[in-house]
Amino acid sequence: MGKGSSTAAVRTGWAVLALVLSLGVVLPAPASAAGALKPAAAGTRATWLWNPAAARPADVLAWAKGRGVKEIFVHVDARLPSDAALLTKLRELKRGTDRAGIRLTALGGDPAWALDHAAARTWQRAVLGTRLFVGSHVDVEPYALPAWQTDQATVAAGLLRMLQLLQADDARPLEADIPFWYHTIPTGSGTTLADGVLARVNAVTVMSYRDTATGPNSMMDVSADILTRGTRAGKPVRLATETAPLADCLHCTFHEEGSARMTSVLAVVDGAARAYPAFAGVAIHHYASWRAMRR
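Using mature numbering (1 follows the signal peptide of the UniProt record, and there is no 0), the letters of the sequence shown correspond one by one to residues -33 to -1, 1 to 262.
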């Protein structure tokens, strides 16, 4: 695409985004918004369960209870209602988590959902219809789409519209995984993509994948902006850490350091993040790699 057509596409995209924003005008959070939030207690954790079919419910439950996990994001697709074996396994898990006071939320997502809203809505209706989950947790990474490079504004507008539709379709809480840099993406209306997402969800989990707690390029450093915005918007912000190997970003994961080092670093994060009322604990990505970590 030539420079002229690319510029026109971006201009058109911002117009689309402005229209989306106008469909659901979000007023500034009232002064009481931050006051309604309370930082999570030290040690509050969550985790992603990407392959529930391969996990034993009793093992998942024991692991979660022993490590302060208060919420499990369970990856399921729109075929769940017809998967008898997985339904049986998840019902067993739910019985245990209900007794333990651990929340189960439905995890799903595809970069294409930013533009294919029907697929996102079909997924949410199917999985929440099983009555297994207290809400939805979406992992939609639109920057993986080729169109993000050529027409970022339209893709960003599509992401916000998708979240708006999911929020309208079901009264249960909606949470979204987001990168820490969404505040660098302007929407053309004086706000950023981070603000737009916060306005359309009940909470966010920010992928603050770093292996240090404080200082330059640390978990707190990359999360400070979204924690501030979440506090201002009255929306909980969960930080997140990685445990799987990442050969191209060794400082983005605790895989090499091991679980003891991660526990120590996250204790510092808990203390530092309490300065932000929006702080909602830390999610560990993900259950299987967390279990496999060396001590």
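Glycine included, C-beta positions come from ideal geometry on N, C-alpha and C.
Between the Cα of residue i and the Cα atoms of the options, which residue gives the shortest distance?
i: R196; options: C219, T64, Y243 and T97; result: Y243
i: W105; options: R98, P78, T121 and L112; result: Before going on, a small fix: residue 105 reads as Val here, not Trp. Nearest of R98, P78, T121 and L112 to V105, Cα basis: P78.
i: R92; options: F246, P109 and A45; result: A45
i: T72; options: A245, A214, A143 and K202; result: A143
i: H218; options: S231, T198 and M186; result: M186
i: T97; options: G75, E108 and S49; result: S49
Note the first and the last residue of the continuous alpha helix (DSSP H) segment covering residue i.
i: V236; result: S226 to A240
i: H163; result: His is not the amino acid found at residue 163; the sequence shown has Gly there. From DSSP, the alpha helix (DSSP H) with G163 extends over L160 to L165.
i: G248; result: G248 -> not in any alpha helix (DSSP H); beta strand (DSSP E) instead, spanning F246 to H252.
i: T14; result: Note, T14: premise wrong, no alpha helix (DSSP H); beta strand (DSSP E) at R12 to L16.
i: V168; result: That residue, V168, is in no alpha helix (DSSP H); it is neither H nor E in DSSP.
i: G125; result: Q119 to D136
i: T89; result: H84 to L95
DSSP beta-bridge partners for residue i?
i: S103; result: A73 and L141
i: P146; result: M174
i: A52; result: DSSP output for A52 lists no bridge partner at all.
i: P153; result: T159
Tell me which residue opens and which closes the beta strand (DSSP E) that residue i is part of.
i: K37; result: V36 to H42
i: residue 287; result: Outside the shown range of the chain (-33 to 262) lies residue 287, about which nothing can therefore be said.
Short of 6 Å in beta carbon distance, which residues of its chain neighbour residue i, apart from the five on each side in sequence? Order them along the chain.
i: P146; result: M174
i: A111; result: P78
i: H150; result: T159, A161 and D192
i: R70; result: E38 and V101
i: A20; result: L53
i: A255; result: none
i: A114; result: V122
i: P140; result: G102 and N169
Note down, in chain order, each residue of its chain lying with its Cβ closer than 8 Å to the Cβ of residue i, except the 5 sequence neighbours on either side.
i: A13; result: V36, K37, E38, I39, F40, T172, R205, G248, V249, A250 and I251
What three-state label does DSSP hand residue i in the structure shown?
i: P113; result: coil
i: R196; result: helix
i: P24; result: helix
i: P212; result: coil
i: R98; result: coil
i: A(-5); result: With a pLDDT of 40 at A(-5), under the threshold of 50, the predicted position of this residue should be treated as unreliable, and no value is reported.
i: T220; result: coil
Given residue i, which residues of its chain have a CB within under 7 Å of its CB, disregarding the five upstream and five downstream residues?
i: L(-15); result: Bear in mind that a pLDDT of 37 at L(-15), under 50, signals an unreliable position, so the number given afterwards is only what the model happens to contain. Same-chain partners within the cutoff: there are none.
The ligand GTP heavy atoms versus the CB of residue i: any closer than 6 Å?
i: I193; result: Ligands displayed in this structure: none; no statement on the ligand GTP is therefore possible.
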